[in-house]
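Let me begin by presenting the structure, written as structure tokens, before commenting on it.
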Amino acid sequence: MNTQRIGTVHLVGAGPGDPELLTLRAARLLRDCSAVVYDHLVGQGVLDMINKNARRIYVGKESGRHTLPQDDINALLVDLAHEGLDVVRLKGGDPFIFGRGGEEIEQLVEHGIPCEVVPGITAASGMSAYAGIPLTHRDFAQACIFVTGHLQNDTVDLDWQTLARPHQTVVVYMGIAALGEICRQMMAHGLPGTTPAAVVRHATLPDQQVLAGTLGCLPAAAVAAGIASPALIVIGDVVSLHDRLKPAK
Numbered sequence: 005m006n007t008q009r010i011g012t013v014h015l016v017g018a019g020p021g022d023p024e025l026l027t028l029r030a031a032r033l034l035r036d037c038s039a040v041v042y043d044h045l046v047g048q049g050v051l052d053m054i055n056k057n058a059r060r061i062y063v064g065k066e067s068g069r070h071t072l073p074q075d076d077i078n079a080l081l082v083d084l085a086h087e088g089l090d091v092v093r094l095k096g097g098d099p100f101i102f103g104r105g106g107e108e109i110e111q112l113v114e115h116g117i118p119c120e121v122v123p124g125i126t127a128a129s130g131m132s133a134y135a136g137i138p139l140t141h142r143d144f145a146q147a148c149i150f151v152t153g154h155l156q157n158d159t160v161d162l163d164w165q166t167l168a169r170p171h172q173t174v175v176v177y178m179g180i181a182a183l184g185e186i187c188r189q190m191m192a193h194g195l196p197g198t199t200p201a202a203v204v205r206h207a208t209l210p211d212q213q214v215l216a217g218t219l220g221c222l223p224a225a226a227v228a229a230g231i232a233s234p235a236l237i238v239i240g241d242v243v244s245l246h247d248r249l250k251p252a253k
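In this note's numbering, the protein residues as written are 5 to 253.
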């Protein structure tokens, strides 16, 4: 009779970068786990908290280069749990916000693997606090929408009519490669070219870079500044508050 213990898989949000934004539960799990499967966007400060005896497996996805396909990552988590290991699946930001956590936990549940999700601060929230760009504000934005600029079929065919409504903030994850198209579509669907917009690179980290402008000028400015992933795009009147509200250095 096989009495092999099945381990638990914890899908843990590592937050937007600054290790001090990690939750207490996440820090405890990293200290006590026996294996960690981690992504490209997890910062070194968070990795330094991992139990030194834990097995570390990197499965990062970068533009045009995936260490492991998603199906293989799903199978890996199941296999590690069947080895009796308590696994932390460590993801940048929050596991359920553009982190494919839903796909992974579906696989775990299907195979009867004990699992839980530990939320993390998503990149948009971290960016908002560290760049002085409120996501909502009574005078400027009564709603906030998060979208991905990189769809599964490699298009940016988004619901532009909904995204281009006034009095809201739109935050685009993984959209820097399509920044020009995103700005063009937002203007084509009704937003003025003077609408404030920004790109924020390495949000919450010491080398955070904020480039604020307008829909009409931001794509060219981003190219001139050499902005590359990972970065967020923020569109809406709240961006106009950045210069006044940005934290003092």
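For each residue, glycine too, the CB sits at the ideal point set by N, CA and C. Just so you know, these numbers come straight off a predicted model, no measurement behind them.
Item, Value
"Would you tell me roughly how many angstroms separate the C-alpha atoms of Glu110 and His14, rounded to the nearest one?", "13 Å"
"Under DSSP, the alpha helix (DSSP H) around Glu110 begins and ends at which residues?", "Gly105 to Glu114"
"Along the beta strand (DSSP E) that carries Ala201, what are the first and last residues, could you check?", "Pro200 to Arg205"
"If I follow the unbroken alpha helix (DSSP H) through Thr218, where does it start and stop?", "Element bounds for Thr218: not the alpha helix (DSSP H) but the beta strand (DSSP E), Gln213 to Thr218."
"By DSSP, does Thr166 sit in helix, in strand, or in coil?", "helix"
"So, for Ala226: in the same chain, excluding its five sequence neighbours on each side, which residues have a beta-carbon less than 8 Å away from its beta-carbon?", "Ile180, Leu183, Val203 and Leu215"
"Can you list, in chain order, the residues of its chain whose CB lies under 7 Å from that of Val92, leaving out five sequence neighbours each side?", "His14, Val16, Leu33, Leu34, Cys37 and Val40"
"At what residues does the alpha helix (DSSP H) containing Ala31 begin and finish?", "Leu28 to Asp36"
"For the putative contact between Ala85 and Ala207, defined by C-beta atoms under 8 Å, what is the C-beta separation to the nearest angstrom?", "About 32 Å separates the two Cβ atoms, so there is no contact after all."
"CB-CB under 6 Å to Met191, same chain, minus the five flanking residues each way: which ones, in chain order?", "Gly197 and Leu219"
"Could you tell me if Met5 is buried or exposed, where buried requires 16 or more neighbouring beta carbons within 10 angstroms of its beta carbon?", "Interpretation of Met5 is limited by its pLDDT of 43, a score under 50 that renders its predicted location unreliable; no figure is taken from the coordinates."
"Got a sec, what are the start and stop residues for the beta strand (DSSP E) Ile265 sits in?", "This structure cannot speak to residue 265, because the chain is shown only from 5 to 253."
"Write down the C-beta distance between Leu236 and Cys187 rounded to the nearest angstrom, noting that I regard them as a contact closer than 8 Å.", "Going by Cβ atoms, the distance from Leu236 to Cys187 rounds to 14 Å, so no, they are not a contact pair."
"Can you give me the Cβ contacts of Arg29 inside the same chain, cut-off strictly under 6 Å, excluding the 5 residues immediately before and after it?", "Val122"
"Out of Ala252, Leu80 and Gly19, state which residue places its alpha-carbon closest to the alpha-carbon of Asp117.", "Correcting the residue identity first, residue 117 is Ile in this sequence and not Asp. Of Ala252, Leu80 and Gly19, the residue nearest in Cα terms is Leu80."
"From which residue to which residue does the alpha helix (DSSP H) around Val160 run?", "It is not in any alpha helix (DSSP H) - Val160 carries neither H nor E in the DSSP assignment."
"Please confirm whether Asp43 and Leu112 have their CB atoms less than 9 Å apart.", "no"
"If I measure Cβ to Cβ from Leu249 and keep anything under 6 Å in the same chain, skipping five residues before and after, which residues do I get?", "Gly136"
"Could you round the C-beta distance between Gln172 and Gly240 to whole angstroms and report it? I think they count as a contact, below 8 Å.", "6 Å"
"Please report the residue range of the beta strand (DSSP E) in which Ala39 lies.", "Ala39 to Tyr42"
"For Pro138 and Leu245, I'd like the C-alpha separation in whole angstroms.", "8 Å"
"To the nearest angstrom, how far is the alpha carbon of Asp90 from that of Gly194?", "51 Å"
"Please report how far the alpha carbon of Gly103 lies from the alpha carbon of Gly96, in whole angstroms.", "8 Å"
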